[in-house]
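Asks: Protein chains in written order, with this note's numbering: chain A, 28 to 278; chain B, 28 to 278.
This is the structure I want to talk about, given as structure tokens.
2 protein chains.
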Amino acid sequence: MTVGTYGLGRFGWFWADTIRRMSGDDVDVIATSRHRHEPPQGVAFVDEEDFFARCDVVFFCVAISSLEAVLERVAPMVRPGSLVMDTCSVKAYPAQWMERHLSSSGCRIVATHPMFGPDSARDGLAGLPVVICPVKVDDETMSRLESVFTSWGLKVLRMTPLMHDKEAAYSQGVTHFVGRTLREMGLHDTDIATRGYKALMTIVDQTCNDPVQLFYDLQHYNPYAREMRLSLQVAVEKTLNRLRESEEGMR
Amino acid sequence: MTVGTYGLGRFGWFWADTIRRMSGDDVDVIATSRHRHEPPQGVAFVDEEDFFARCDVVFFCVAISSLEAVLERVAPMVRPGSLVMDTCSVKAYPAQWMERHLSSSGCRIVATHPMFGPDSARDGLAGLPVVICPVKVDDETMSRLESVFTSWGLKVLRMTPLMHDKEAAYSQGVTHFVGRTLREMGLHDTDIATRGYKALMTIVDQTCNDPVQLFYDLQHYNPYAREMRLSLQVAVEKTLNRLRESEEGMR
Chain A
28 MTVGTYGLGR
38 FGWFWADTIR
48 RMSGDDVDVI
58 ATSRHRHEPP
68 QGVAFVDEED
78 FFARCDVVFF
88 CVAISSLEAV
98 LERVAPMVRP
108 GSLVMDTCSV
118 KAYPAQWMER
128 HLSSSGCRIV
138 ATHPMFGPDS
148 ARDGLAGLPV
158 VICPVKVDDE
168 TMSRLESVFT
178 SWGLKVLRMT
188 PLMHDKEAAY
198 SQGVTHFVGR
208 TLREMGLHDT
218 DIATRGYKAL
228 MTIVDQTCND
238 PVQLFYDLQH
248 YNPYAREMRL
258 SLQVAVEKTL
268 NRLRESEEGM
278 R
Chain B
28 MTVGTYGLGR
38 FGWFWADTIR
48 RMSGDDVDVI
58 ATSRHRHEPP
68 QGVAFVDEED
78 FFARCDVVFF
88 CVAISSLEAV
98 LERVAPMVRP
108 GSLVMDTCSV
118 KAYPAQWMER
128 HLSSSGCRIV
138 ATHPMFGPDS
148 ARDGLAGLPV
158 VICPVKVDDE
168 TMSRLESVFT
178 SWGLKVLRMT
188 PLMHDKEAAY
198 SQGVTHFVGR
208 TLREMGLHDT
218 DIATRGYKAL
228 MTIVDQTCND
238 PVQLFYDLQH
248 YNPYAREMRL
258 SLQVAVEKTL
268 NRLRESEEGM
278 R
């Protein structure tokens, strides 16, 4: 069996490496990328055509904003019967795009979101969540995928793409927004840092360690992100109003 | 030697308990409070007059917004030669108030800020910061205070009240503002929580566990807090603008 990651950016490299580490010798791991990146150890770099010819399982690890164009372009190469998944941080649009562009290829389609990356998985995968959304796939494949991820120690959550996006906007989405905003403020480390502030700085560092494109894409392609940002702005206003009221009470 | 905490609210109780645990049998720990609270084990509850008559060292553990009125009222009871300290989360105003109202009492005055509380010190004091600002005090007393706190495992930082307030506005102050704002949004736990989101929720819980008066006082009595809040609002706007620009770029 051959498993491949399409894309070797920050996440793609990590994902190829993770598959390699977690799989037995009966699994070949290969990767391709438009830019010639060095793949992780044990992962063979191949060209695009070779990649689709060999892969039984394909994970797309490209920026959300690039996915649709990539799918359109590679659709003719996707092998019938192969299992194709994306790994994007939003799920509704990618699921739609895969359905639209790959349905005629005769492949099986699952939308996935491993809710972690090279930073948050530094200490291992145990208990980390992965969301899987069936798009065009049989039950048996879903069960097999679920048990592979479970055997890696992951917490597998099956849900619809829209359910994922709603929950993610108000968790991962708000975290990235806060991280980018605090970085914008130019906050720095200080000797008098409280525990809470140190934890906040860790969040800022981790969110800003991801490519800025991920941040834009998370906010742009999640149908609930706009509502989340409005709700955050309203909460800032409410908090400022409460402060004003309490100051008036003090006078 | 008798050490006392004036006030047995959330922090005062914790501080009396900490002094009791960290000190030897040669130290008596006493406490007083306008509301009759149960003191920690090993700490004697006494009335106000008794409290000032017996204390060699006094820690005021009252809300920032109550401190000045308390100082005015108790000034005649403060013993000459005793060492008087506040523990407020801002330092410029309390230092000024202590100087104004206690100078004629002939006591020594130090402004302090233990930058932790019952939540953040749950696993011990090691490495936690405490700020001390000399107000009206001899070098020897400062050195002795420093070595006592150091012997407790604390990281002692000597600075001016304004230096403290500036650093604190952009660390503790911003953390509490973010915590209160996110609580206002009604965020909740989710199965698909990333590590970053979980860390953010811990910050929300910890900051909102403190009395809301602490939040108002931190923002109202820190001379740099208004500037910090403006800077946060500007950062939110900038982040939203960047998103808008990136969306225009995508079209």
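Ideal Cβ positions, reconstructed from N, Cα and C, are used throughout, including at glycine.
Quick one: residues in its chain with C-beta nearer than 6 Å to the C-beta of Phe-143(A), no 5 flanking neighbours on either side, listed in chain order?
Replies: Closer than 6 Å at the Cβ level, and outside the excluded window around Phe-143(A), lie Leu-155.
Asks: Determine whether the beta carbon atoms of Ala-119(B) and Asp-192(B) lie at a separation below 8 Å.
Replies: Yes, these two residues count as a Cβ contact at 8 Å.
Asks: Pick helix, strand or coil for Val-175(A), following the three-state DSSP scheme.
Replies: Val-175(A) falls in the helix class under three-state DSSP.
Asks: Gln-233(B) CB to nearest chain A CB: under 8 Å?
Replies: Yes - at least one Cβ of chain A is within 8 Å of the one on Gln-233(B).
Asks: Which of helix, strand or coil does DSSP assign to Phe-87(B)?
Replies: Residue state, collapsed to three classes: strand.
Asks: What in chain A is Cβ-close to Thr-217(B), meaning under 7 Å?
Replies: What Thr-217(B) touches in chain A: Glu-194, Ser-198.
Asks: Between the Cα of Cys-235(A) and the Cα atoms of Gln-260(A), Thr-202(A), Thr-45(A), which residue gives the shortest distance?
Replies: The shortest Cα separation from Cys-235(A) among Gln-260(A), Thr-202(A), Thr-45(A) belongs to Thr-202(A).
Asks: Pull up the CB-CB distance for Ile-219(A) and Ala-195(B), whole angstroms please, since I reckon it's below 8 Å.
Replies: Yes, Ile-219(A) and Ala-195(B) are in contact; Cβ-Cβ is about 6 Å, under 8 Å.
Asks: Locate the beta strand (DSSP E) running through Tyr-251(B), then write down its first and last residues.
Replies: Neither: Tyr-251(B) is in no beta strand (DSSP E) and is coded neither H nor E.
Asks: Is the CB of Met-112(B) under 8 Å away from at least one CB in chain C?
Replies: You won't find chain C in this structure, because its protein chains are A and B.
Asks: Is there at least one Cβ from chain B nearer than 8 Å to Thr-270(A)'s Cβ?
Replies: According to the sequence displayed, residue 270(A) carries Leu and not Thr. So, interface residue.
Asks: Rounded to the nearest angstrom, what separates Ala-226(A) and Ala-80(A) at their Cα positions?
Replies: Answer to the nearest angstrom: the Cα atoms are 46 Å apart.
Asks: Give the DSSP-derived three-state secondary structure of Ile-46(A) in the structure shown.
Replies: In the structure shown, Ile-46(A) sits in a helix (DSSP, three-state: H, G or I).
Asks: Identify, in the order they occur along the chain, each residue of the same chain with its Cβ nearer than 7 Å to the Cβ of Pro-250(B), setting aside the five sequence neighbours on each side.
Replies: Here the set comprises Ala-119, Asp-192.
Asks: Does the beta-carbon distance from Leu-132(B) to Val-105(B) come in below 8 Å?
Replies: The residue asked about is misnamed: residue 132(B) is Ser in this sequence, not Leu. Yes, these two residues count as a Cβ contact at 8 Å.
Asks: Short of 7 Å Cβ to Cβ, which residues in the region 152-175 of chain B face chain A?
Replies: The region 152-175 of chain B vs chain A, Cβ under 7 Å: Pro-156, Val-158.
Asks: Could you give the distance in angstroms between the alpha-carbon of Ala-102(A) and the alpha-carbon of Val-205(A)?
Replies: Computed Cα separation, rounded: 37 Å.
Asks: So what's Ile-159(B) in DSSP terms, helix, strand or just coil?
Replies: Looking at Ile-159(B) - three-state DSSP - the assignment turns out to be strand.
Asks: Would Leu-35(B) and Ala-71(B) be called neighbours here (beta carbons separated by less than 8 Å)?
Replies: It is not a contact, given that the beta carbons lie outside the stated cut-off.
Asks: Using a Cβ cut-off of 9 Å, pull out every chain B residue sitting near Ser-147(A), in sequence order please.
Replies: In chain order: Thr-221, Arg-222, Gly-223.
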